[in-house]
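Residue numbers for the first sequence follow my numbering, so the first one is 8 and each next one is one higher. Positions of the beta carbon are idealized from the N, C-alpha and C atoms, including for glycine. Structure first, commentary second.
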Amino acid sequence: MALRRFMVQRPRGTRDFGPAEMKRRLAFESLLEEQARRHGFSRVQTPIFESLDLFTAKSGPGVVSQLYAFQDKGERDLTLRPELTAPVMRMVAEELRNETKPLRLSYYGQCFRYEEFKKGRYREFYQYGVELIGATGPLVEAEVIALAINMLTEAGLKNWELRIGHVGVLKQVLSGIGLSDSAEAGEPPLASAMRFLDKADFEGLRALLESQSISTDFVAPLQQLSELKGGEETIASARELLSTMDGVSLDALDDLESTINSIAQLAPSPPSLSVNLTVARGLDYYTGTVFEVHVPELGGEGQVLGGGSYKLLHLFGLADLDPCCGFGLGFDRVLLALEAQAAAEGRSEVVPGEDDETPFLAMIPFNVETSEVLDLVRELRQSGIRVEIELRSRKIGKAMGWADSIGAGYALVVGPRDLEQGQATVKRLSDGEQLPVALNTESILSALNA
RNA sequence: GCUGUGGUGGUGUAGGGGUUAGCACGGCAGAUUGUGGUUCUGCCAGCCCGGGUUCAAUUCCCGGCCACGGCCCCA
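Structural data, given as C-alpha cells:
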C-alpha cells in the first residue's frame with residue numbers, strides 16, 4: 008500500500024471494531040441490557056464530555072493528569088468522561104429530582120483515560136454500569152450485586168470470583184477503639200490505620216496507635232481481622248473476633264451478612280465467593296458493602312467489575328439521597344475473558360445468542376433486469392428475512408461462491424426462464440438441496456422455514 | 001513511573017549488507033455464459049518512520065512511532 012505513509016492512523020490506545028466483532032459486542036450489550044431490564048433498571052445516556060469540575064469534585068485535582076481534558080472556544084474547562092458514575096449523579100441532580108425514588112438506572116458507553124494501556128486497558132474503553140439511587144441498606148446492595156451475578160452468569164462467564172466486603176466493618180472497629188475520623192490537618196488517624204492495614208504494615212499501625220494513646224493490644228486482633236479470608240464463614244469468625252474488642256459495633260457486620268443472605272436468594276451462587284473485611288477500595292466515598300469480580304484468565308489483577316455503596320450526591324446538594332449503590336462492568340475485559348474461555352473450550356460462540364438465526368437469503372438476479380426482483384426483495388425483508396442482492400453481476404458459479412462466503416444460508420437465482428414460469432428453486436447452501444418455489448413471498452418463506 | 005520483546009503484501013509468515021524479497025491464506029479474473037465450496041492458471045498487494053555506518057541498508061547501529069507483555073497505579 009504505497010499510500011500508507013499518508014494515511015492517518017488510529018490514535019494510540021483506541022480500537023476499531025469490524026463487523027464480526029461488533030456482532031459480538033452488540034449481542035453482549037443486549038444481553039446485559041436485558042438482565043438490567045428484568046431487574047427494573049432503565050437505560051440513560053449522558054454526554055461524552057463534561058465539565059472538568061465534575062470529576063475533580065469527585066476524585067480530587069490529581070485526576071486531571073489522567074484525563075483527556077481540553078478547553079472549548081469559550082475557554083470552558085471540559086474533559087472526555089473517564090467514568091460514568093459522576094455523570095449519572097450529575098444527571099440525577101440536574102434532571103431527575105422529581106422522579107419517584109428509588110431510581111434504577113443503567114448506562115453503557117465509552118470512557119477515556121490517558122494512561123498506558125495494557126491487556127484489557129485502553130485509552131478509550133467501554134463501561135456498562137448501574138446505579139440504584141434513593142434507597143439504602145442490605146437489600147439494596149443485594150439487588151445490585153444479584154444483578155451483577157445474573158449478568159455474568161447469563162453471559163456464560165465461568166471461573167470468576169466475587170469478592171465482597173464492607174468498609175463499615177473496619178471503620179466501626181477503628182472508631183470503636185478510639186481512632187478519630189477527622190483531623191485538623193492531613194490524613195485522619197482512622198484513614199491512616201486503614202491504609203496500614205491494607206498494606207499489611209502492622210509496625211506502622213502500632214506506631215499510629217501509640218501516637219494516639221491507644222492500647223497496642225489492638226494490633227493483634229486487627230491483624231487477625233485483616234488476614235481473615237474465605238467464604239461466608241468468614242463473617243462468623245469476624246463476629247467472634249470483634250466481640251472480644253470492647254466498644255466495637257457489629258452493625259456493619261450484621262448488614263453484610265444480611266446482604267449476602269439476600270443475594271443467595273436473588274441470584275445463583277457465583278463460582279467462588281470470598282469475604283474480605285478490610286477492603287479499602289481506596290476511595291473515601293464508599294460507605295457500605297463493596298464488591299469486585301475477578302477472572303483469572305485476564306492475568307494480573309483481572310478485575311472485570313467493581314462497585315458498592317457510596318456517597319456522592321451530597322456534592323450536588325442531594326445528601327438525603329446518599330448513599331447510593333452501583334457497579335461498573337468492564338465491557339472490554341469481560342469480553343476478553345469470555346473469548347479466552349471460549350478459545351480454551353474450543354467454542355465458537357463467545358456470547359450467548361451472538362449468532363444471527365434469521366434466515367439469510369442471497370438474491371441472485373441472472374440475466375434479468377434487477378427491477379424484476381426488487382418487489383420480492385422488499386416483501387421478504389418486511390417479513391423479517393435477511394436478504395442481500397448480488398450487486399456485481401457475477402456469473403452463476405461465482406455468484407454461488409459469493410453467496411456462500413457472505414454466510415447466506417440460501418441462494419435464489421432468478422433468471423429469464425424463472426420469470427417466464429413464475430417458478431424458481433431456492434438452494435440451501437449447507438447441503439445443496441434445491442427447493443422448488445413459486446416466485447412469491449409466501450412460497451419462498453415456507454421454503455426458508457422448512 | 002519502571003521495564004521486557006517485537007515490527008516484511010489485507011492476514012499469518014520465510015529470508016537476509018547487493019535477491020526478479022519466497023510461501024500460505026485472502027481478494028479479483030479465467031478454465032466453466034442457469035447453480036458454489038475441489039482443482040488448475042493469471043492478476044492484486046509488502047520490508048513502520050527518521051538519522052547514522054557503508055560503494056551499497058529491508059537487513060547493522062541510534063532515535064522515534066506502533067504493537068504485545070510484566071511491575072506500580074487505577075475514580
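If I'm right that residue i touches residue j with Cβ under 8 Å, what's the distance once you round it to whole angstroms?
i, j, result
"Phe203", "Gly211", "4 Å"
"Thr432", "Val421", "In fact, because the Cβ distance is near 10 Å, the residues do not count as touching under 8 Å."
"Ile152", "Phe367", "Between Phe367 and Ile152 the Cβ distance is about 40 Å, and since that is not below 8 Å, they are no contact."
"Gly144", "Leu110", "Actually they do not touch by this definition, with Cβ atoms about 16 Å apart."
"Tyr75", "Leu87", "4 Å"
"Leu169", "Ser279", "7 Å"
"Thr285", "Ser233", "4 Å"
"Ala410", "Ala457", "With 8 Å as the limit, Ala410 and Ala457 do not qualify as a contact, their Cβ atoms being about 18 Å apart."
"Gly172", "Asn283", "5 Å"
"Val358", "Phe35", "5 Å"
"Phe124", "Gly47", "Contact doesn't hold; Cβ gap of about 35 Å is too wide."
Taking the beta carbon of residue i as the centre, do at least 16 other beta carbons fall within 10 Å, making it buried, or is it exposed?
i, result
"Asp262", "buried"
"Glu440", "exposed"
"Gly237", "exposed"
"Arg11", "Bear in mind that the predicted position of Arg11 carries a pLDDT of just 38, short of 50, making it unreliable; the figure below should be weighed with that in mind. That one is exposed."
"Gly333", "buried"
"Ser187", "exposed"
"Ala190", "exposed"
"Glu304", "buried"
"Ala350", "exposed"
"Arg130", "buried"
"Asp327", "exposed"
"Ala9", "Here Ala9 scores only 38 on pLDDT, less than 50, and its place in the model is too uncertain to base an answer on."
"Ser453", "exposed"
"Gly67", "exposed"
"Glu138", "buried"
"Pro423", "exposed"
"Gly136", "buried"
Below 7 Å, is the gap between the Cβ of residue i and the nearest heavy atom of the ligand FMN?
i, result
"Phe35", "The ligand FMN is absent from the structure shown, which contains no ligand whatsoever."
Could you tell me whether the Cβ atoms of residue i and residue j are closer together than 8 Å?
i, j, result
"Gly360", "Leu38", "yes"
"Ile270", "Ala149", "yes"
"Leu177", "Met201", "yes"
"Leu260", "Arg246", "yes"
"Gln52", "Arg120", "no"
"Tyr417", "Lys402", "no"
"Gln134", "Gly315", "no"
"Gly183", "Ser256", "yes"
"Met96", "Leu319", "yes"
"Thr294", "Gly175", "yes"
"Gln42", "Asn157", "yes"
"Thr448", "Glu386", "yes"
"Pro89", "Val70", "yes"
"Gly163", "Leu345", "yes"
"Glu356", "Asp362", "yes"
"Leu446", "Ile371", "no"
Could you check where the alpha helix (DSSP H) with residue i kicks off and where it finishes?
i, result
"Asp79", "Counting along the chain, Asp79 falls outside any alpha helix (DSSP H), and DSSP gives it neither H nor E."
"Met370", "Premise fails: Met370 lies in the beta strand (DSSP E), 367–372, not in any alpha helix (DSSP H)."
"Thr448", "448–456"
"Lys65", "59–66"
"Thr92", "92–102"
"Gln272", "258–273"
"Leu343", "338–352"
"Val226", "226–234"
"Arg45", "26–45"
"Gly462", "The requested residue 462 is not part of the displayed model; the chain covers only 8 to 457."
Candidates the options: which alpha carbon is nearest residue i's?
i, options, result
"Ala415", "Arg393, Ala350, Glu346", "Arg393"
"Ser113", "Gln430, Arg354, Gly335", "Gly335"
"Thr92", "Ile403, Ile413, Ala410, Tyr317", "Tyr317"
"Lys126", "Leu342, Ser437, Gly185, Met407", "Leu342"
"Pro275", "Glu395, Leu159, Thr251, Asp329", "Leu159"
"Ser222", "Val95, Gly185, Asp205, Pro196", "Gly185"
"Cys118", "Asp339, Ser279, Thr251", "Asp339"
"Glu427", "Asn374, Asp411, Leu387", "Asn374"
"Ala64", "Leu387, Gly324, Ile451, Ala457", "Gly324"
"Val180", "Ser220, Asp253, Ala207", "Asp253"
Determine the extent of the beta strand (DSSP E) in which residue i is found, giving its start and end residues.
i, result
"Thr296", "293–301"
"Gly458", "As displayed, the chain neither begins before 8 nor continues past 457, which places residue 458 out of reach and without an answer."
"Ala418", "417–421"
"Ala172", "For clarity, residue 172 is Gly in the given sequence; the question names Ala instead. Per DSSP, Gly172 belongs to the beta strand (DSSP E) from 168–173."
"Asp84", "84–87"
"Thr432", "430–435"
"Glu123", "Where Glu123 is concerned, there is no enclosing beta strand (DSSP E), given that its DSSP letter is neither H nor E."
"Ala445", "441–445"
"Leu215", "Where Leu215 is concerned, there is no enclosing beta strand (DSSP E), although the alpha helix (DSSP H) it sits in stretches over 209–218."
"Arg393", "393–396"
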